[in-house]
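Colleague:
Number of protein chains: 2
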Amino acid sequence: MVFKSDNDFQMMKTTRSPHTVKTVKSVHAVLEALQQVNHATAQEITDWLSVSKRDNEISLTSVYRALNHLVGKAEVKPLNFNDGQVRYELNTQKMHHHHFVCTQCNHVQVVDVCPFEQILDTLRSTFLIQYHNFEVIGLCESCQN
Amino acid sequence: MVFKSDNDFQMMKTTRSPHTVKTVKSVHAVLEALQQVNHATAQEITDWLSVSKRDNEISLTSVYRALNHLVGKAEVKPLNFNDGQVRYELNTQKMHHHHFVCTQCNHVQVVDVCPFEQILDTLRSTFLIQYHNFEVIGLCESCQN
DNA sequence: GGCAACCATGAAAATGATTTTCATTTACAG
DNA sequence: CTGTAAATGAAAATCATTTTCATGGTTGCC
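Structural data, given as structure tokens:
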């Protein structure tokens, strides 16, 4: 699922019972943060919310809960740059890209091209794909010296 | 670097001084385990060594140290199936493949095709690539029901 | 309105993978 | 041999993440 606007988000309601509709504060806040902060950790999302959205301040616990919820629905995908913590990104077509990570300085370079559609199409005949990650790890230009 | 045999491994010596040659037991043991156990965790490597190689039994601490050493030299690459622990794989051409991971049952399906050479070639003009990971996450056939 | 059930929340505690510390042993150079 | 540096393992520390638990809010239903 992809949110292009807040209006789209309003469509995302959880039904408590056939007659109930609920909007979860922390889920909304986390999605808002992820629209602003690229491949952020749970802590970074919490920090961003505490600085930028005083009215939407959320505990680290709730951020983790919201992230797990969103990952379960494949609205957010976890990334791994091998730095010991999980980073998160909106799983939208618009945002779709990959990463080059420098093992020395941890610089992350966004790679915009994604030529993986053919292999994904093959997998799709068997699997229900929720997201994919492609990370290239190595040394960036300045760290090669 | 790629080890195709134990002979190749014997070439991998660390020089303590210009006149010194050293073979590290734990590094050897971990490489041996990784040739047998697919995408193993540090704990699984330790367990395998304790069962299969009584004479090469190594503490979990040393396994972590050897793994970090090997990842630093890009002889081993860390994998992440989003299950909260790091898995490791030999970074050899022969072993090269990717993974489909089911979010429900954690089944891992090996994907042998790798059509990423063109994008990697582009990156190579700027970056020194040590390894790349490509993981597709979703639901396998039986878990879609 | 008011009760009951459910859900969201946050603080603190627990967990669990990984790293660090530290004391001991091993291996090599001289 | 002997001194030095690296390797090792057990235990402690660390740190990201999850769980527990107590509380308050929201909705459905009477």
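Listed in order, the protein sequences are those of chains U and D. For my numbering, count along the first sequence from 1 and bump the result up by 67. For my numbering, count along the second sequence from 1 and bump the result up by 67. All C-beta atoms in this analysis are idealised placements derived from N, C-alpha and C, irrespective of residue type, glycine included.
1) For E202 of chain U, report the span of its beta strand (DSSP E) as first-last.
2) I need the DSSP call for V212 of chain U, collapsed to helix, strand or coil.
3) Assuming F194 of chain D and L206 of chain U make a contact with CB atoms under 8 Å, what is their CB distance in whole Å?
4) What separation, rounded to the nearest whole angstrom, lies between the Cα atoms of M162 of chain D and N147 of chain U?
5) Rounded to whole angstroms, how far is the Cβ of A100 of chain U from the Cβ of A109 of chain U, which I believe are closer than 8 Å?
6) For C172 of chain D, decide whether its Cβ has a neighbour in chain U, counting only Cβ atoms nearer than 9 Å.
7) DSSP three-state label for V97 of chain U, please.
8) Alpha carbon to alpha carbon, how far is T128 of chain U from T113 of chain U?
9) Short of 8 Å in beta carbon distance, which residues of its chain neighbour W115 of chain D, apart from the five on each side in sequence? Order them along the chain.
10) Show which residues of chain D have a CB atom less than 8 Å away from the CB atom of T193 of chain U.
11) Where does T113 of chain D sit, in a helix, a strand or coil, going by DSSP?
12) Could you compute how far the alpha carbon of K92 of chain U sits from the alpha carbon of A133 of chain U?
13) Determine the direct distance from the alpha carbon of E184 of chain D to that of R176 of chain D, and round the result to whole angstroms.
14) Please tell me whether E142 of chain D has its Cβ less than 9 Å away from any Cβ of chain U.
15) Within the continuous beta strand (DSSP E) that includes Q176 of chain U, where are the two ends?
16) Taking 9 Å as the CB-CB limit, is E124 of chain U close to chain D?
17) Can you give the Cα-Cα distance for F201 of chain D and A141 of chain U, rounded to whole angstroms?
18) Under 9 Å between the Cβ atoms of K144 of chain U and I204 of chain D?
19) Let me know the beta strand (DSSP E) ranges lying completely inside the region 126-156 of chain U, each 3 residues or longer, listed in chain order.
20) Tell me, please, which residues DSSP counts as bridged to F167 of chain U.
21) What residues from chain D crowd round Y198 of chain U, counting only those whose CB sits closer than 7 Å?
22) Along chain U, which residues have their Cβ under 9 Å away from the Cβ of S211 of chain D?
23) I'd like the span of the alpha helix (DSSP H) that includes E184 of chain D, first residue to last.
24) What is the C-beta distance between H45 of chain D and D179 of chain D, in whole angstroms, given that I count them as a contact (C-beta under 8 Å)?
25) Excluding sequence positions up to five away, which residues of its chain have a Cβ less than 6 Å from the Cβ of C210 of chain D?
Modeller: To lay it out plainly:
1) Its beta strand (DSSP E) spans residues L195 to L206.
2) For the record, residue 212 of chain U in the displayed sequence is Asn; it is not Val. In the structure shown, N212 of chain U adopts coil according to DSSP, grouped into three states.
3) In this structure F194 of chain D is in contact with L206 of chain U, their Cβ atoms being roughly 7 Å apart against a cut-off of 8 Å.
4) In this model, M162 of chain D and N147 of chain U are separated by some 21 Å (Cα to Cα).
5) With a Cβ gap of about 10 Å, A100 of chain U and A109 of chain U do not count as contacting.
6) Interface flag for C172 of chain D against chain U is unset, since no Cβ pair is found closer than 9 Å.
7) Looking at V97 of chain U - three-state DSSP - the assignment turns out to be helix.
8) Going by the C-alpha atoms only, they are around 9 Å apart.
9) Hits under 8 Å: A100, Q103, V104 and A107.
10) Here the neighbours are C207 and E208.
11) Residue state, collapsed to three classes: helix.
12) The alpha-carbon atoms of K92 of chain U and A133 of chain U are separated by roughly 9 Å.
13) Note on identity: in this sequence residue 176 of chain D is Gln, with Arg being the wrong assignment. Rounded to the nearest whole angstrom, the C-alpha separation of Q176 of chain D and E184 of chain D is 21 Å.
14) No, no contact with chain U.
15) Counting along the chain, Q176 of chain U sits inside the beta strand (DSSP E) bounded by residues V175 to V178.
16) By the rule that beta-carbons nearer than 9 Å mark a contact, E124 of chain U does not touch chain D.
17) Answer to the nearest angstrom: the Cα atoms are 17 Å apart.
18) Between K144 of chain U and I204 of chain D, the C-beta gap is smaller than 9 Å, which places the two residues in contact.
19) For the region 126-156 of chain U, whole beta strand (DSSP E) runs of length 3 or above, ordered along the chain, are 143-147.
20) In the DSSP output, where bridge partners are listed per residue, F167 of chain U has U:Q176 and U:V203.
21) Contact annotation for Y198 of chain U against chain D: I204 [CB-CB distance below 7 Å, chain order].
22) The sequence as given places Gln at residue 211 of chain D; Ser does not occur at that position. Simply F194 and L195.
23) It spans E184 to R191 - the alpha helix (DSSP H) in which E184 of chain D sits, taken as one unbroken run.
24) In this structure chain D extends from 68 to 212, so residue 45 of chain D is not present and cannot be described.
25) Cβ neighbours of C210 of chain D within its own chain (closer than 6 Å, five residues either side excluded): C169, Q171 and C172.
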